[in-house]
Amino acid sequence: MNYEKYINPTVAAVPPSGIRRFFDLASTMKDAISLGVGEPDFVTPYHIRDAAVNSLLDGGTQYTANRGLPELRREIAWYLEHRFGTPYNPDKEIVVTVGASEAIDVVLRVITGPGDEVLIPDPSYVSYSPSVLFAGGTPVPVKTRVENGFALEADAVRAAITDHTKALILPYPNNPTGGIMKRRELEELAKVVREKQILVISDEIYAELTYGGLQHESFASIPGMWDYTVTINGFSKAFAMTGWRIGYACGPAEIMDMVNKIHQYAILCAPRMSQQAAVEALRTGREKDYEDIRKMRDSYDRRRRLLVGAFREMGLDCFEPLGAFYIFPSIAKTGLSSEAFCSALLQEKHIATVPGTAFGASGEGHIRCSYATGIDKLNLAVKGIKAFLESR
Amino acid sequence: MLTYGGGVSGRDLQARGANCSMHMTKLEMDLLELLQEDCRISLEKLAVMTGSTIEETAEAIDSMEKRHVILRYAPTINWDLTDRERVEAMIEVRVTPQRDMGFDAVAKRIYRFEEVKSVYLMSGSYDLLVLVEAPTLKQLALFVSQKLSTLEMVTGTATSFVLKRYKEEGVIFEDDQTDRRLVVSP
Numbered sequence: 226m227n228y229e230k231y232i233n234p235t236v237a238a239v240p241p242s243g244i245r246r247f248f249d250l251a252s253t254m255k256d257a258i259s260l261g262v263g264e265p266d267f268v269t270p271y272h273i274r275d276a277a278v279n280s281l282l283d284g285g286t287q288y289t290a291n292r293g294l295p296e297l298r299r300e301i302a303w304y305l306e307h308r309f310g311t312p313y314n315p316d317k318e319i320v321v322t323v324g325a326s327e328a329i330d331v332v333l334r335v336i337t338g339p340g341d342e343v344l345i346p347d348p349s350y351v352s353y354s355p356s357v358l359f360a361g362g363t364p365v366p367v368k369t370r371v372e373n374g375f376a377l378e379a380d381a382v383r384a385a386i387t388d389h390t391k392a393l394i395l396p397y398p399n400n401p402t403g404g405i406m407k408r409r410e411l412e413e414l415a416k417v418v419r420e421k422q423i424l425v426i427s428d429e430i431y432a433e434l435t436y437g438g439l440q441h442e443s444f445a446s447i448p449g450m451w452d453y454t455v456t457i458n459g460f461s462k463a464f465a466m467t468g469w470r471i472g473y474a475c476g477p478a479e480i481m482d483m484v485n486k487i488h489q490y491a492i493l494c495a496p497r498m499s500q501q502a503a504v505e506a507l508r509t510g511r512e513k514d515y516e517d518i519r520k521m522r523d524s525y526d527r528r529r530r531l532l533v534g535a536f537r538e539m540g541l542d543c544f545e546p547l548g549a550f551y552i553f554p555s556i557a558k559t560g561l562s563s564e565a566f567c568s569a570l571l572q573e574k575h576i577a578t579v580p581g582t583a584f585g586a587s588g589e590g591h592i593r594c595s596y597a598t599g600i601d602k603l604n605l606a607v608k609g610i611k612a613f614l615e616s617r
Numbered sequence: 212m213l214t215y216g217g218g219v220s221g222r223d224l225q226a227r228g229a230n231c232s233m234h235m236t237k238l239e240m241d242l243l244e245l246l247q248e249d250c251r252i253s254l255e256k257l258a259v260m261t262g263s264t265i266e267e268t269a270e271a272i273d274s275m276e277k278r279h280v281i282l283r284y285a286p287t288i289n290w291d292l293t294d295r296e297r298v299e300a301m302i303e304v305r306v307t308p309q310r311d312m313g314f315d316a317v318a319k320r321i322y323r324f325e326e327v328k329s330v331y332l333m334s335g336s337y338d339l340l341v342l343v344e345a346p347t348l349k350q351l352a353l354f355v356s357q358k359l360s361t362l363e364m365v366t367g368t369a370t371s372f373v374l375k376r377y378k379e380e381g382v383i384f385e386d387d388q389t390d391r392r393l394v395v396s397p
């Protein structure tokens with residue numbers, strides 16, 4: 226049977242993820258060392274797992290309110306206000322979602338229609354552009370440059386805005402580059418947002434992972450920007466809770482009502498046990514002054530220095546990433562494309578990395594290496610990459 | 212090189228502890244966390260990972276060794292996987308504290324025995340917790356009955372044998388360490 230005529234051409238036209246091929250190949254290698262993993266190497270802290278188990282044993286197996294457990298929304302509101310200076314009303318301005326991924330999808334569907342353009346920094350996380358396309362809109366890449374630490378430049382944004390521009394996605398700290406936005410850069414961006422009256426979808430999933438003594442700056446905390454911003458965050462990175470699929474979107478009530486409308490029809494609610502686990506994560510974090518997060522961040526920071534240092538020693542240009550858990554070195558010197566470099570490295574040395582182009586055309590000449598991996602493995606990978614470079 | 216408590220009075224250790232905590236720098240704390248995980252990391256890597264120079268790193272480690280913050284660099288061994296036969300016991304010891312010396316003098320008499328691996332002063336129903344190791348059950352029993360119990364200040368002992376070790380120094384012995392993450396993910 227020919228299914229082609231049944232398939233929505235918009236969906237069919239979206240290419241499969243550039244990561245897929247590397248996943249398929251690396252999965253067949255038993256001894257592969259992976260720097261290609263986009264999630265923490267910590268297991269969710271035990272007290273959080275314990276809380277979820279207890280909630281299950283106590284019979285907590287029902288739906289929750291669409292927007293999420295009131296207790297969880299109160300904790301989220303407290304967390305965002307005290308940690309990042311962004312106040313949200315837990316009753317009207319927060320919706321708990323199935324991971325930050327659902328939040329991105331739903332928020333984009335709320336604001337994007339046919340003909341609408343959404344600006345996306347390039348390179349960026351793989352799902353923004355397809356989500357815009359699925360919503361019927363047009364993704365517009367905005368190039369970011371290594372010379373500027375892959376921060377989004379206000380002038381580049383201004384130049385990309387047309388009469389059809391609805392929103393800008395602001396994903397910092399950034400996956401795959403590890404770039405962050407400093408307050409001054411956000412203030413420049415705020416001028417453009419105010420002038421051009423566009424919305425900002427600020428994906429702050431890596432907010433807790435900033436280094437070099439720099440704290441994450443939330444876009445909604447820039448004076449006047451709260452009204453223009455939908456903030457997206459979640460528990461995957463800060464609390465090592467990727468598999469729980471729990472995140473949230475926050476913003477003006479008028480937008481969040483619409484987010485909740487799609488969420489309630491499509492999803493109904495995030496799983497109760499994950500929500501209970503999230504309550505425990507935030508409550509304990511608050512009571513212990515986020516000690517677990519500090520320890521995780523310190524651990525990432527050491528490995529970040531190790532990997533950046535190792536790549537520079539190999540003679541590859543590597544800008545210093547100050548966020549997330551990725552480095553994004555340039556492999557341009559080798560004369561290989563990102564794709565060819567990663568393929569050869571995987572085949573010859575069984576080391577998995579991700580080509581920069583999987584995250585957008587501007588990623589050409591770079592590879593993404595995750596340092597969310599044990600020091601032993603990082604050292605082995607460094608040795609392998611060094612040998613790989615010397616063999617060329 | 213000092214082993215835990217070896218030759219040092221509890222009072223001294225306590226005084227040193229208080230002294231150290233006042234003078235620990237961020238670099239020192241970072242180094243301790245790294246060394247506790249793996250004390251074979253090279254000086255160069257320690258320097259890179261803590262964002263300091265090799266000289267600063269070496270100096271900090273040297274200083275912590277001198278101040279007895281770092282007592283030794285020892286691996287955590289799962290002896291159950293080796294051929295070595297040994298018996299371990301935890302002995303709860305009740306003692307009469309000595310005039311002017313408190314429990315320290317008694318502890319000193321006890322921790323000098325080579326069979327004794329660790330000694331702790333405890334709150335609760337007994338005074339000292341003594342961790343003892345010997346090649347055979349008989350030797351361990353003899354140690355308790357002939358050496359420990361016969362000390363004039365020891366008024367009573369209760370010996371419990373270790374049957375299996377699950378976790379030591381934060382390391383779980385039979386942990387499933389499999390990385391369950393996808394090999395490559397966005």
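Chains as they are written, first to last, in our numbering: chain A, 226 to 617; chain B, 212 to 397. Backbone N, C-alpha and C fix where the C-beta goes; we use that ideal spot for every residue, glycine too. Here the structure is a predicted model, which means the values were calculated and not measured.
Under the three-state reduction of DSSP output, C543 of chain A falls in the coil class, being neither helix nor strand. Close CB contacts of I480 of chain A within its chain, under the 7 angstroms cut and outside five residues either way in sequence, are with V335 and V455 (chain order). Across the structure, R323 of chain B and T287 of chain B are spaced so that their CA atoms are roughly 22 angstroms apart. Using a Cβ-Cβ cut-off of 8 angstroms, A577 of chain A counts as an interface residue toward chain B, since at least one Cβ of chain B sits closer than that to its own.
At a C-beta separation below 9 angstroms, F248 of chain A has these neighbours in chain B: L393, V394, V395 and S396.
Scanning chain B for C-beta atoms nearer than 8 angstroms to the C-beta of G534 of chain A yields V259, reported in chain order. One finds nothing in chain A with a Cβ atom closer than 7 angstroms to the Cβ of G313 of chain B; even the nearest lies about 35 angstroms away.
Non-local C-beta neighbours of G588 of chain A in its own chain, meaning closer than 6 angstroms and more than five positions away in sequence, comprise P348, G581 and T582, ordered along the chain. When rounded, the separation of the alpha-carbon atoms in R251 of chain B and V268 of chain A is 25 angstroms. Chain order gives the chain B residues near V351 of chain A as P397, where near means a beta carbon separation below 9 angstroms. Counting only the Cα atoms, V371 of chain A lies some 16 angstroms from D380 of chain A. With fewer than 16 other CB atoms across the displayed protein chains lying within 10 angstroms of its CB, E325 of chain B is exposed.
Taking a beta-carbon distance threshold of 8 angstroms, L531 of chain A counts as an interface residue toward chain B. Contact of R527 of chain A with chain B by beta-carbon distance below 8 angstroms involves D241, L245, M260 and T261. Secondary-structure assignment with DSSP links L358 of chain A through no beta bridge to anything. Between D386 of chain B and chain A, the shortest Cβ-Cβ separation is not below 8 angstroms. Fewer than three Cβ pairs drawn from the segment 428–441 of chain A and the segment 227–245 of chain A lie within less than 8 angstroms of each other, which leaves the two stretches out of contact. For the pair V321 of chain A and R292 of chain A, the CB atoms are nearer than the 8 angstroms cut-off. Rounded to whole angstroms, the Cβ separation of L507 of chain A and I301 of chain A is 7 angstroms, and the two are in contact under 8 angstroms. Annotation: the continuous beta strand (DSSP E) that includes S329 of chain B extends over V327 to L332. With respect to the 8 angstroms criterion, I386 of chain A and P366 of chain A are not classified as neighbours on the basis of their beta carbons. For K256 of chain B, the residues of chain A that pass the 7 angstroms Cβ criterion are L531, in the order they occur in the chain.
For the pair of segments examined, the segment 297–308 of chain B was found not to touch the segment 563–571 of chain A: the number of CB pairs separated by less than 8 angstroms stays below three. Contact annotation: L434 of chain A and F550 of chain A have beta-carbon atoms nearer than 8 angstroms. Between S242 of chain A and P397 of chain B the beta-carbon gap is near 7 angstroms, inside 8 angstroms, which marks them as a contact. With fewer than three CB-CB distances shorter than 8 angstroms, the segment 273–285 of chain B does not count as touching the segment 337–356 of chain B. Two segments are said to touch when three or more pairs of C-beta atoms, one from each, lie closer than 8 angstroms; by this definition the segment 410–429 of chain A does not touch the segment 590–604 of chain A.
Our two residues, S616 of chain A and A478 of chain A, have alpha carbons roughly 58 angstroms apart in a direct line. Checking the DSSP bridge columns, you'll see L395 of chain A partnered with A:S427. In this chain, the beta strand (DSSP E) harbouring E344 of chain B covers L339 to A345.
The continuous stretches of beta strand (DSSP E) do not include N314 of chain A, and DSSP gives it neither H nor E. Put simply, the CB of D249 of chain B is near chain A, with a gap under 8 angstroms to one of its CB atoms.
The beta-carbon of G472 of chain A is placed no less than 8 angstroms from the nearest beta-carbon of chain B.
K375 of chain B sits in coil when the DSSP states are folded into three classes, being neither helix nor strand.
One alpha carbon belongs to G585 of chain A, the other to V484 of chain A, and they sit about 27 angstroms apart.
Within chain B, not a single residue places a beta-carbon under 7 angstroms from that of S356 of chain A; the smallest gap is close to 12 angstroms.
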